[in-house]
Amino acid sequence: MAAHLLIVEDEEKLARFVELELQHEGYEVSKAFDGREGLKMAIEGDYDLILLDIMLPGLNGLEVLRRLMQDKPTPTILLTARDAVMDKVSGLDGGAVDYITKPFAIEELLARIRVALKLHGKNSAGALNTNDTEQNSEGIYTWQKLRLDEKKREVTYDGHGITLTNREFLMLEMLLKNKDIVLSRDTLLEKVCGYDYVGETNMIDVYIRYLRSKIDDVYDVNMITTVRGVGYVIKSEQQ
Ligand code: CA
Numbered sequence: 132m133a134a135h136l137l138i139v140e141d142e143e144k145l146a147r148f149v150e151l152e153l154q155h156e157g158y159e160v161s162k163a164f165d166g167r168e169g170l171k172m173a174i175e176g177d178y179d180l181i182l183l184d185i186m187l188p189g190l191n192g193l194e195v196l197r198r199l200m201q202d203k204p205t206p207t208i209l210l211t212a213r214d215a216v217m218d219k220v221s222g223l224d225g226g227a228v229d230y231i232t233k234p235f236a237i238e239e240l241l242a243r244i245r246v247a248l249k250l251h252g253k254n255s256a257g258a259l260n261t262n263d264t265e266q267n268s269e270g271i272y273t274w275q276k277l278r279l280d281e282k283k284r285e286v287t288y289d290g291h292g293i294t295l296t297n298r299e300f301l302m303l304e305m306l307l308k309n310k311d312i313v314l315s316r317d318t319l320l321e322k323v324c325g326y327d328y329v330g331e332t333n334m335i336d337v338y339i340r341y342l343r344s345k346i347d348d349v350y351d352v353n354m355i356t357t358v359r360g361v362g363y364v365i366k367s368e369q370q
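Counting in our numbering, the sequence shown runs from 132 upward without gaps.
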């Protein structure tokens with residue numbers, strides 16, 4: 132069954148554009164144009180994911196989020212204005228699963244939605260971020276001859292130990308846990324540095340370079356794939 136998404140966004144053109152893109156991806160979509168209507172629909176309806184603008188008439192997005200988490204917790208991605216760091220922090224503290232900064236590339240929003248549904252959705256059979264899915268029951272993630280042991284915090288390639296810094300390890304772990312899902316720089320940054328980290332997202336590119344120099348270059352493989360304008364992914368099948 133298609134996931135049902137609710138868009139709460141007062142910019143009707145933007146809401147309509149996102150709706151069309153989402154419908155094109157096969158999602159079922161509903162819209163609300165102000166905070167009160169959005170909250171009412173979110174509580175009365177049954178949505179898999181909510182896209183919630185922060186700057187809304189009636190009731191602002193953070194207040195909608197607060198009441199929603201109280202009355203009917205539903206995975207929510209916030210749409211925030213550029214540089215509204217405090218809103219992002221309050222939103223994530225308030226229970227949002229992710230945020231995206233306007234203006235955004237639709238591909239990035241779609242990638243965030245796929246990740247959010249996979250990690251938090253009702254039918255998230257592949258909830259890879261937890262430790263209790265089939266192959267991950269022992270906290271071991273693999274890609275070809277690479278093996279990451281979450282409990283021992285150990286990475287090997289064909290039996291050879293690879294020394295990684297804490298952040299390199301976290302980033303590799305995140306990519307391996309979400310194989311075949313493109314993770315945006317913002318998502319990686321949040322997982323690796325914490326969501327309140329205020330800095331450049333190109334920091335992620337630097338860590339990717341370190342990982343490639345320690346793994347891809349040494350073992351002559353193409354483990355980490357760059358998806359231009361979106362982020363990074365480790366694919367199950369080597370391309
Ligand atoms: Ca708005």
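No residue lacks a Cβ here, since even glycine has one placed at the ideal position from N, Cα and C.
Within 7 Å: the Cβ of residue 168 and any heavy atom of ligand 1?
Checking the Cβ of residue 168 against ligand 1 gives no.
Say whether the segment 169-185 touches the segment 209-224, bearing in mind that this needs 3 or more beta-carbon pairs closer than 8 Å, one atom from each stretch.
Counting Cβ pairs under 8 Å, three or more are found: they touch.
Residues around ligand 1, please: the ones whose beta-carbon is closer than 6 Å to some heavy atom of it, in chain order.
That query returns the following residues: 141, 142, 184, 186, 187.
Out of curiosity, what's the CA-to-CA distance linking residue 205 and residue 191?
So the two alpha carbons sit approximately 17 Å from each other.
Secondary structure at residue 176, three-state DSSP: helix, strand or coil?
Correct three-state label for residue 176: coil.
So the beta strand (DSSP E) residue 285 belongs to, where does it begin and stop?
That run of the beta strand (DSSP E) goes 285-288.
Report the option in 316, 364, 138, 342 whose CA atom is closest to the CA atom of residue 187.
Taking only the C-alpha atoms, the option nearest residue 187 is 138.
Within the same chain, show all residues whose beta-carbon is closer than 6 Å to that of residue 362, passing over the 5 residues directly before and after it, in chain order.
Closer than 6 Å at the Cβ level, and outside the excluded window around residue 362, lie 313, 314, 315, 316.
Taking only runs that begin and end inside the segment 132-159, name each unbroken beta strand (DSSP E) of 3 or more residues, in chain order.
List check, beta strand (DSSP E) in window: 135-139.
Taking Cβ positions, are residue 289 and residue 366 nearer each other than 8 Å?
In this structure, residue 366 does not lie closer than 8 Å to residue 289 by Cβ.
Among the residues of its own chain, which have a CB less than 8 Å from the CB of residue 260, if the five just before and after it don't count?
Residue confidence for residue 260 is low, a pLDDT of 41 falling below 50, so the modelled location carries little weight; the figure read from the coordinates is stated next. So the qualifying residues of the chain are 250, 308, 309.
When you compare the segment 300-307 with the segment 198-212, are there three or more beta-carbon pairs, one atom per stretch, that lie closer than 8 Å?
Touching, no, given that fewer than three Cβ pairs across the two stretches are closer than 8 Å.
When we look at the beta-carbon of residue 144 and count the other beta-carbons within 10 Å, is it buried (16 or more) or exposed?
Its Cβ having fewer than 16 others within 10 Å, residue 144 is exposed.
When burial is assigned at 16 or more other CB atoms within 10 Å of the CB, is residue 368 buried or exposed?
Classification for residue 368: exposed.
Closest to residue 212 by CA distance: which of 200, 230, 226 is it?
Of 200, 230, 226, the residue nearest in Cα terms is 230.
Start and end of the beta strand (DSSP E) containing residue 231?
Looking at the DSSP string, the run of the beta strand (DSSP E) that includes residue 231 is 229-233.
Around the C-beta of residue 243, are 16 or more other C-beta atoms found within 10 angstroms, so that it is buried, or is it exposed?
Classification of residue 243: buried, given that the 10 Å Cβ count is 16 or more.
Express the C-alpha separation of residue 298 and residue 262 in angstroms, rounding to a whole number.
Here the model assigns residue 262 a pLDDT of 37, short of 50, so the residue's position is not dependable and the matter cannot be decided.
What residue from 166, 153, 133 has the CA that sits closest to residue 142's CA?
When only C-alpha atoms are compared, the closest one is 166.
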